[in-house]
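Mapping to my numbering: the sequence shown position 33 is 1420, numbers consecutive.
Cβ coordinates follow ideal geometry from the N, Cα and C atoms, glycine included.
If you're wondering where the values come from, they're calculated on a predicted model, not measured in any experiment.
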Amino acid sequence: MLAAFKKIIEQFQDPEETVEPVSYQQAVAALLIEVMLADEKIEETEKQQVLTLIEKETGLLQVEQLYLDMKQSVESANDMFQFTNAINDHAGKDEKEALVAALWRVAYADGVLDEYEDYRIRRICELLYVPHSVFIQSKLAAKAAKDAE
1388 MLAAFKKIIE QFQDPEETVE PVSYQQAVAA LLIEVMLADE KIEETEKQQV
1438 LTLIEKETGL LQVEQLYLDM KQSVESANDM FQFTNAINDH AGKDEKEALV
1488 AALWRVAYAD GVLDEYEDYR IRRICELLYV PHSVFIQSKL AAKAAKDAE
């Protein structure tokens, strides 16, 4: 019986299938897009904010293709671990804090903080081991910046 079960499992496994590792730039783009998609409404202001922040945070100049590729990856991903793991592997405390601030700017880009955006950022902070105080400070700073516009 165990052999039959093992045979069934092996039928669904593809030994040729390999997962490409995610680069730091891809991970940053993916997390920004993850927050943008959290409320299931893509406002043009959010998209423009994401494109601007991808360019700023990654140093890349041609970000449109990266945006499209990572949007597709985020939509098909089961979780955020592959993206947060890449950030944890390549970023220090300052880079993570800058990323959290950027995530909040995306969340507030349309002028409305959705509860799902808040939850996504909270979860990302947990996966990046960012202290809750940084989560709160970045949130308040992004809200104040948006209110000042």
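Contact between residue 1492 and residue 1464 is ruled out by a C-beta separation of about 22 Å, above the 8 Å threshold. A direct Cα-to-Cα measurement between residue 1481 and residue 1434 gives close to 25 Å. Of the residues assessed, residue 1468 falls on the exposed side of the cut-off, its CB having fewer than 16 other CB atoms within 10 angstroms. Membership of residue 1534 in the alpha helix (DSSP H) is indicated by the continuous run 1519-1535. In this model, residue 1496 and residue 1506 are separated by some 16 Å (Cα to Cα).
Residue 1427 counts as exposed, since fewer than 16 other beta carbons sit within 10 angstroms of its beta carbon. For the options 1409, 1418, 1523, the alpha carbon positioned closest to that of residue 1514 is the one of 1418. Here the alpha carbons of residue 1447 and residue 1422 stand approximately 20 Å from one another. The three-state secondary structure of residue 1481, taken from DSSP, is helix.
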